[in-house]
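Engineer:
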Amino acid sequence: MQGIPWSTIALGWLLLISAHATGGQDVKSPQPEKSKPPVKTEQRGRIFGIGGVFFKSANPDQAREWYAKHLGLAGKGGEVMLPWREHDDPQKEHVTAWSVFPASTKYFDPSPAPFMINYIVDDDDMDALLDRLKQEGVKIDPKRIDESYGRFAWIYDSDGNKIELWQPVPAKP
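Just so we're aligned, residue 17 is where the sequence shown starts under my numbering, counting upward by one.
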């Protein structure tokens, strides 16, 4: 398998799994509900990627070892940085963080979920996104964190799952 890009292998596996899961039958896309307005995609505060995937484990060291051994997800301090580039602008490099937290972590609180997704917000659009979400009635955590690598805010989905929003520091031209 040398010389075959990992993305091609991954895509092949996804297609194979998809075909197997549907029994090789045609799958029809679900029809959109007529009562809901279309989602606006040109508004400020756009999410354009996943900045991190975090989950709890009763034995984080064992989980990290399993993921490293079987899936190659190994990194310093247990956090793995998965690099990627934007489709429309391949010069823009990003990373998605992957990390296992101890089951006792309070970082996801008050969410009932054992996981948390971090979404990347467009440059300079965190405030616009939070203003819009507030107007739409989304529960927003009042806490904010500014780090050298970006700004963070948290919201909660309709099931009470905590969602982390990250606005990276704009790239210098």
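In this text, a Cβ means the ideal position worked out from N, Cα and C, and glycines have one as well. Predicted model only: the values in this text are computed from it and were never measured.
So the candidates are 105, 115 and 175; which of them puts its Cα closest to the Cα of residue 83?
Structural biologist: Locating residue 83 in the sequence shown gives position 67, where the first residue counts as 1. Of 105, 115 and 175, the smallest CA-CA separation from residue 83 is found for 115.
Engineer: Report the three-state DSSP secondary structure of residue 167 (helix, strand or coil).
Structural biologist: Locating residue 167 in the sequence shown gives position 151, where the first residue counts as 1. Three-state result, residue 167: strand.
Engineer: Give me the Cα-Cα distance between residue 178 and residue 106, rounded to the nearest whole angstrom.
Structural biologist: Looking up residue 178 in the sequence shown gives position 162. Looking up residue 106 in the sequence shown gives position 90. Cα to Cα, the separation comes out at about 30 angstroms.
Engineer: Do the segment 92-102 and the segment 113-129 meet, that is, are 3 or more Cβ pairs less than 8 angstroms apart?
Structural biologist: yes
Engineer: Put residue 148 into one of helix, strand or coil per three-state DSSP.
Structural biologist: Along the sequence shown, read from residue 1 onward, the residue named residue 148 stands at position 132. It is helical.
Engineer: Measuring straight from C-alpha to C-alpha, what distance separates residue 37 and residue 86?
Structural biologist: Start at 1 with the first residue of the sequence shown, and residue 37 comes out as number 21. Start at 1 with the first residue of the sequence shown, and residue 86 comes out as number 70. Per-residue confidence for residue 37 stands at a pLDDT of 39, beneath the threshold of 50, marking its modelled position as unreliable; the derived number appears in the next sentence. Whole-angstrom Cα-Cα distance: 23 angstroms.
Engineer: With a threshold of 16 other CB atoms inside 10 Å of the CB of residue 151, please say whether the residue is buried or exposed.
Structural biologist: The sequence position of residue 151 within the sequence shown is 135, counting from 1. That one is exposed.
Engineer: Of all the beta strand (DSSP E) runs that stay within the bounds of the segment 64-110, which reach a length of 3 or more residues?
Structural biologist: 95-101
Engineer: Less than 7 angstroms between the C-beta atoms of residue 190 and residue 185, yes or no?
Structural biologist: Residue numbering for the chain in the displayed model covers 17 to 189; residue 190 lies beyond these limits and cannot be assessed.
Engineer: Could you give the residue range of the beta strand (DSSP E) that holds residue 184?
Structural biologist: As a first step, residue 184 must be located in the sequence shown, where it is residue number 168. First-last of the beta strand (DSSP E) with residue 184: 178-184.
Engineer: In terms of alpha-carbon separation, which member of 182, 174, 64 and 156 lies closest to residue 168?
Structural biologist: What you label residue 168 is simply residue 152 of the sequence shown in a count that begins at 1. Comparing Cα-Cα distances from residue 168 to each of 182, 174, 64 and 156, the minimum goes to 182.
Engineer: Put residue 143 into one of helix, strand or coil per three-state DSSP.
Structural biologist: As a working note, residue 143 is residue 127 in the sequence shown. In the three-state DSSP reduction, residue 143 falls in the helix class (H, G or I).
Engineer: Which one of 109, 102 and 122 has the shortest CA to CA distance from residue 72?
Structural biologist: Here residue 72 refers to the residue found at position 56 of the sequence shown. Residue 72 has its Cα closest to that of 122, out of 109, 102 and 122.
Engineer: Let me confirm a value: residue 80 is counted as buried when at least 16 other C-beta atoms fall within 10 Å, else exposed. Which label applies?
Structural biologist: The sequence position of residue 80 within the sequence shown is 64, counting from 1. Answer is buried; the Cβ neighbour count reaches 16.
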